[in-house]
DNA sequence: CTGGATCCCTATCGATACTG
DNA sequence: CAGTATCGATAGGGATCCAG
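Chains as they are written, first to last, in the numbering used here: chain V, 244 to 352; chain X, 244 to 352.
Following this line, the structure appears as structure tokens:
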């Protein structure tokens with residue numbers, strides 16, 4: 244089977260595979276989904292993703308921040324509150340992953 | 244930002260994250276693209292993907308075969324010829340990744 | 001040509017403990 | 001609450017050599 248996959252040059256190919264590999268890292272997709280669904284606090288995210296450890300959440304969150312997928316807002320109360328939310332870019336990434344959900348549904352079983 | 248991400252249950256979520264993580268493994272996307280573009284022989288794929296080693300191609304190909312993404316056809320010549328091609332399932336997976344290409348183009352720079 | 005088998009190094013991840 | 005520090009296990013991946 245030979246399909247029509249959009250023609251892209253080397254730079255675009257690199258960006259593409261980079262995005263897939265980034266999103267494909269363990270817990271990445273789950274965390275992004277949890278935040279998209281409204282989990283904004285650290286513990287809310289942890290609670291939303293079974294099996295996710297503090298350490299991994301912390302690490303992914305920092306990566307997401309650096310990559311511009313999430314914003315981190317610190318509210319100086321006692322104790323301090325931290326809110327995470329998707330940026331437009333992060334939101335767009337997740338939306339772009341949506342077809343993969345449909346894909347898994349098509350081939351379920 | 245809270246977006247609309249399709250509601251899916253736990254099983255679907257697991258299938259989805261599984262698919263992302265599978266496609267996100269190193270070289271996976273590149274190999275799938277190369278095959279989609281018409282590289283069917285082992286050495287053609289190697290040549291199409293800079294940096295890809297024989298060992299990794301061999302490994303990914305076996306994983307793809309097991310997962311039902313590619314078919315492996317052996318032609319008993321001397322030396323033996325092996326042709327790989329995407330299955331419908333593999334083709335569908337790749338198509339589902341297409342929006343990610345558009346995503347990277349939107350956010351290029 | 002199409003890989004399999006080894007070796008070895010590193011990144012990644014999980015568990016646990018601790019802090020402002 | 002929202003993390004950081006540390007440690008040890010393991011899986012992933014690169015290089016190299018070999019074989020049908």
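We treat Cβ as the ideally placed atom computed from N, Cα and C, and that holds for glycine.
Model, not experiment: these values are computed from the prediction.
As assigned by DSSP and simplified to three states, the class of residue i
i             : result
residue 288/V : helix
residue 323/V : coil
residue 274/V : helix
Distance between beta carbons of residue j and residue i, contact taken as under 8 angstroms
i             : j             : result
residue 291/V : residue 279/V : Between residue 279/V and residue 291/V the Cβ distance is about 10 angstroms, and since that is not below 8 angstroms, they are no contact.
residue 327/X : residue 315/X : 6 angstroms
residue 264/X : residue 269/V : 7 angstroms
residue 284/X : residue 311/X : About 21 angstroms; that fails the 8 angstroms criterion.
residue 313/V : residue 330/V : 6 angstroms
residue 249/V : residue 341/X : 6 angstroms
Classification of residue i by the beta-carbon crowding that lies within 10 angstroms, buried from 16 upward
i             : result
residue 339/V : buried
residue 257/X : exposed
residue 260/X : buried
residue 334/V : buried
residue 344/V : buried
residue 294/X : exposed
residue 286/X : exposed
residue 347/X : buried
residue 271/V : buried
residue 296/X : exposed
residue 267/X : buried
residue 318/X : exposed
Interface residues of chain X facing residue i [CB-CB closer than 7 angstroms]
i             : result
residue 264/V : 267, 269
residue 324/V : By Cβ distance, chain X contributes nothing, its closest Cβ being about 18 angstroms from residue 324/V, past 7 angstroms.
Bridge partner(s) assigned by DSSP for residue i
i             : result
residue 257/X : Paired residue(s): none; residue 257/X is not in a bridge.
residue 329/V : 313/V
residue 251/V : Residue 251/V pairs with nothing; no bridge assigned.
Proximal chain V residues relative to residue i, where beta-carbon distance stays under 8 angstroms
i             : result
residue 341/X : 248, 249, 342
residue 276/X : 248, 256
Neighbouring residues, chain X, relative to residue i (Cβ below 9 angstroms)
i             : result
residue 327/V : The contacting residues do not exist; residue 327/V stays about 11 angstroms from chain X at best.
Per-residue contacts from residue i into chain X (C-beta, under 8 angstroms)
i             : result
residue 273/V : 256, 260
Neighbouring residues, chain V, relative to residue i (Cβ below 9 angstroms)
i             : result
residue 351/X : 254, 255, 258
Residue i: contacting residues in chain V (beta-carbon distance under 7 angstroms)
i             : result
residue 348/X : 255
residue 332/X : 350
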